[in-house]
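Let me begin by presenting the structure, written as structure tokens, before commenting on it.
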Amino acid sequence: MPDIAAPRRRPSFERIGRWVGGLALAASIAFIGERLWRLDWSTLQPHASWSFAGAMLGAALLFAAADRALALGWTALVDPERVHPPRAMARIYARGVLMKYLPGSVFQYVSRQVEGAKTGIEHKLLAKSVAIEVGLHLVSSMSVAAACLAFDRWPVTAVMAALIVIGASLSMRRPLLTALAFQIIAFGAFAAAAALIGAAVLPAGATLAHFAALFLLAWLAGFVVPVAPGGIGVREAALLALAGTSLPAAALMAATLALRASSIAGDLGYGLVTLGRRDRG
Numbered sequence: 008m009p010d011i012a013a014p015r016r017r018p019s020f021e022r023i024g025r026w027v028g029g030l031a032l033a034a035s036i037a038f039i040g041e042r043l044w045r046l047d048w049s050t051l052q053p054h055a056s057w058s059f060a061g062a063m064l065g066a067a068l069l070f071a072a073a074d075r076a077l078a079l080g081w082t083a084l085v086d087p088e089r090v091h092p093p094r095a096m097a098r099i100y101a102r103g104v105l106m107k108y109l110p111g112s113v114f115q116y117v118s119r120q121v122e123g124a125k126t127g128i129e130h131k132l133l134a135k136s137v138a139i140e141v142g143l144h145l146v147s148s149m150s151v152a153a154a155c156l157a158f159d160r161w162p163v164t165a166v167m168a169a170l171i172v173i174g175a176s177l178s179m180r181r182p183l184l185t186a187l188a189f190q191i192i193a194f195g196a197f198a199a200a201a202a203l204i205g206a207a208v209l210p211a212g213a214t215l216a217h218f219a220a221l222f223l224l225a226w227l228a229g230f231v232v233p234v235a236p237g238g239i240g241v242r243e244a245a246l247l248a249l250a251g252t253s254l255p256a257a258a259l260m261a262a263t264l265a266l267r268a269s270s271i272a273g274d275l276g277y278g279l280v281t282l283g284r285r286d287r288g
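Under my numbering, think of the first position of the sequence shown as 8, with each following residue one higher.
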């Protein structure tokens, strides 16, 4: 009677790795929930309305769309030849989006390094993509902030300039320029989210484009401080400091809190939806 080969078992270290990865992801979601729980929701009570709820929902969707654009930009850097399935690349990035809320602010990059290597991407290329991505964050956020400031005086010129840069970068089909284009789109979505929340909370005379520019500068401050998970605390302090006395304190606090809640909700929604697609094939 011929021997029946026993099914090959996965190496124990691989199973352990899957468990560790699952626990890290669960911890990330728990930290996100804890951050939402700790927010001072009473600040938003004076502004409670259906229109304000709609603005927060719209902002969350814009933050999720920004995550998608950033994922496409990262994919252009690490997989320019499109060797790997787009859905697999999206899941790698989505896991990192959730991991960034873990204390230390480095786990989003660690996660991409580990998951990307599992997919077959070289460690050196993954590490290089992080350095490039960080540099593009600085360039793109500052560029979109400048465009927001220019929008006050020359709205048509500012929009056309952004569209030309994005279109030209995408048409050249070079990984670096493609990543730049998607990052500009992402930070444009950030700015739109800030303007949307500002329209619902700030006084009628407030300049929304200027507020959006301040938010991008505050985002950058939160990004460069390594000890703040997801920029929490630093971004809010920077936005309050940058706005100073130009806006009413109560309205500014409400806008700051609403933006934080919307950004966390957008990250959580994007991460869970993207990861959940795996189970549906």
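Even for Gly, the Cβ is constructed at its ideal location relative to N, Cα and C.
Computed from a prediction, not measured in an experiment: that's the story for all the values here.
### Query
Which runs of the alpha helix (DSSP H) spanning at least 4 residues fall entirely within the stretch 183 to 270, listed in chain order?
The qualifying runs are 215 to 231, 241 to 250.
#### Entry: Proximal residues to isoleucine 99 (C-beta, below 7 Å), its chain only, five neighbours per side dropped
When the five nearest sequence neighbours on each side are left out, the beta carbons in the same chain lying within less than 7 Å of the beta carbon of isoleucine 99 are those of Arg119, Glu122, Gly123, Thr126, in order along the chain.
### Message
Given this structure, state the Cα-to-Cα distance separating alanine 168 from isoleucine 271, to the nearest angstrom.
### Response
Cα to Cα, the separation comes out at about 30 Å.
### Query
Taking threonine 281 as the reference, which of Glu243, Asp74, Ser58 has the closest Cα?
Of the residues Glu243, Asp74, Ser58, the one whose Cα lies closest to the Cα of threonine 281 is Asp74.
### Message
In whole angstroms, give me the CA-to-CA distance for tyrosine 277 and alanine 165.
### Response
The C-alpha of tyrosine 277 lies about 29 Å from the C-alpha of alanine 165.
### Beta carbon of tryptophan 57 nearer than 9 Å to that of serine 148
No.
### Query
So leucine 223 packs on leucine 249, CB below 8 Å; how close in whole Å?
In fact, because the Cβ distance is near 10 Å, the residues do not count as touching under 8 Å.
### Query
Where does leucine 275 land, buried or exposed, given buried means 16+ other C-beta within 10 angstroms?
Residue burial is scored here from C-beta neighbours: leucine 275 has at least 16 other C-beta atoms within 10 angstroms and is therefore classed as buried.
### Assigned secondary structure, valine 85 (DSSP; H/G/I helix, E/B strand, else coil)
Correct three-state label for valine 85: helix.
#### Entry: Local Cβ density within 10 Å of glycine 205, reported as buried at 16 or more and exposed below that
It is buried - the Cβ of glycine 205 has at least 16 other Cβ atoms within 10 Å.
### Query
So what's alanine 55 in DSSP terms, helix, strand or just coil?
If DSSP states are grouped into helix, strand and coil, alanine 55 belongs with coil.
### Query
If you drop the 5 nearest sequence neighbours on each side, which residues of the same chain put their C-beta closer than 7 Å to that of alanine 199?
Scanning its chain for C-beta atoms nearer than 7 Å, with the 5 sequence neighbours on each side dropped, one finds around alanine 199 the residues Leu69, in chain order.
### Task
May I have the straight-line CA-CA distance separating leucine 279 from tyrosine 116, to the nearest angstrom?
Between leucine 279 and tyrosine 116, the C-alpha separation is close to 18 Å.
### Task
Ignore the nearest five residues each way along the sequence and tell me which others in valine 85's own chain have a CB closer than 8 Å to its CB.
Closer than 8 Å at the Cβ level, and outside the excluded window around valine 85, lie Met96, Gly123, Ile128, Leu132, Leu133, Ser136.
### Message
Can you look up glycine 61 in the DSSP assignment and give me helix, strand or coil?
### Response
In this structure, glycine 61 counts as helix in the three-state DSSP scheme.
### Task
Starting from the C-beta of proline 53, find all residues in its chain whose C-beta is less than 8 Å away, skip the five residues before and the five after it, and write them out in chain order.
Closer than 8 Å at Cβ, skipping near neighbours: Ala257, Ala261.
### Query
Between leucine 203 and alanine 66, which are expected to be in contact by the criterion C-beta below 8 Å, what is the C-beta distance as a whole number of angstroms?
Yes, they are in contact, since the Cβ atoms of leucine 203 and alanine 66 sit about 5 Å apart, within 8 Å.
### Task
Drop a sphere of 10 angstroms on the beta-carbon of leucine 109, count the other beta-carbons inside from all chains shown, and report buried for 16 or more, exposed for fewer.
Classification for leucine 109: buried.
### Task
Compare the beta carbon distance of isoleucine 191 and serine 178 with 9 Å and say whether it is the shorter of the two.
Judged by their CB atoms, isoleucine 191 and serine 178 are not nearer to each other than the 9 Å cut-off.
### Query
For the candidate residues Glu88, Ala268, Phe194, Leu183, whose alpha-carbon lies nearest to that of alanine 138?
Distance check between alanine 138 and each of Glu88, Ala268, Phe194, Leu183 places Leu183 closest, using alpha-carbon atoms only.
### Task
List the whole-angstrom C-beta distance separating arginine 242 from alanine 219, where the pair is believed to meet the contact cut-off of C-beta under 8 Å.
Not a contact, Cβ separation roughly 14 Å.
### Query
Are the beta-carbon atoms belonging to leucine 209 and leucine 246 less than 9 Å from one another?
No. Outside cutoff.
### Message
Pop quiz: histidine 217 and leucine 156 are said to be a contact at Cβ under 8 Å. What is the actual Cβ separation, rounded to whole angstroms?
### Response
Confirmed, Cβ separation roughly 7 Å.
### Task
Please check the pair phenylalanine 189 and alanine 76, which I expect to be a contact at CB under 8 Å, by giving their CB distance rounded to whole angstroms.
With a contact defined as Cβ atoms closer than 8 Å, phenylalanine 189 and alanine 76 qualify at about 5 Å.
#### Entry: CB contact flag (leucine 143, alanine 186, <9 Å)
In this structure, alanine 186 lies closer than 9 Å to leucine 143 by Cβ.
### Task
Could you name the residues of the same chain whose beta carbon sits closer than 7 Å to that of phenylalanine 158, not counting the 5 residues immediately before and after it, in chain order?
A distance below 7 Å between beta-carbons, with the five flanking residues on each side excluded, links phenylalanine 158 to the following residues of its chain, in chain order: Ala165, Ala216.
### Task
May I have the straight-line CA-CA distance separating serine 269 from phenylalanine 114, to the nearest angstrom?
The C-alpha of phenylalanine 114 is placed about 21 Å away from the C-alpha of serine 269.
### Message
Which residue marks the beginning of the alpha helix (DSSP H) containing histidine 144, and which one marks its end?
### Response
130 to 158 is the extent of the alpha helix (DSSP H) around histidine 144.
### Task
Check the C-beta distance from alanine 207 over to alanine 101 and give it rounded, since I have them as a contact under 8 Å.
Their Cβ separation, rounded to whole angstroms, is 28 Å, which puts alanine 207 and alanine 101 out of contact at 8 Å.
### Query
glycine 80 CB to nearest chain B CB: under 9 Å?
The structure shown has no chain B; it contains just one protein chain.
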